[in-house]
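Read the structure below first, then the notes.
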Amino acid sequence: RSLMSYIKSSHPTINNLKKLYEMKVEKNGISLTMLAADDQIVHQKCPDEHDHANIDDTMVLLEPIECATRLLSASSYPTHGDVRFVFLGIQDHLSRYKDDTNFSQKQVANAIYQKLD
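Under UniProt numbering, think of the first position of the sequence shown as 1, with each following residue one higher.
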């Protein structure tokens, strides 16, 4: 039981994953840029600004789902009310992004919203 509690509490959060990703990009960015200048295949595989925006939007979209997973996993017996409250929160979050034309992951947000509705 204590091992399971430790595993649940040490689960990486979206913010930690985002910080890790940003550190890796910052650390390896110059090296990858130099390598991409010489190698066309590396240049094609390196994420550009559009890809970084997609990654950021995906992180924003998935953050409440990650929080809900941790919240419901922490309870041995989540109640119907707990699950309903969490789903309504996720739907509210998704509804902000599903029709936003500036949000790159709006189709994903809409698909998840439709599944929860």
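Glycine included, each C-beta is placed from N, C-alpha and C at the ideal position.
Count the other CB atoms within 10 Å of the CB of residue 3; is the residue buried (16 or more) or exposed (fewer)? The pLDDT assigned to residue 3 is 42, lower than 50, so where the model puts this residue is not dependable, and the model offers no usable value.
Which of the three DSSP states is assigned to residue 46 in this structure? coil
Close-in-space but distant-in-sequence residues of the same chain around residue 64 (CB under 8 angstroms, 5 per side omitted): 89, 90, 93
Quick one: using the 10 Å Cβ neighbour count with 16 as the cut-off for buried, is residue 98 buried or exposed? buried
Could you check the C-alpha separation between residue 56 and residue 46 for me, to the nearest Å? 16 angstroms
Following the continuous alpha helix (DSSP H) through residue 115, name the residue where it begins and the one where it ends. 106-116
With 16 other CB atoms within 10 Å as the buried threshold, where does residue 40 fall? exposed
Other residues of its chain near residue 112: CB distance less than 7 angstroms, five sequence neighbours each side excluded: 94
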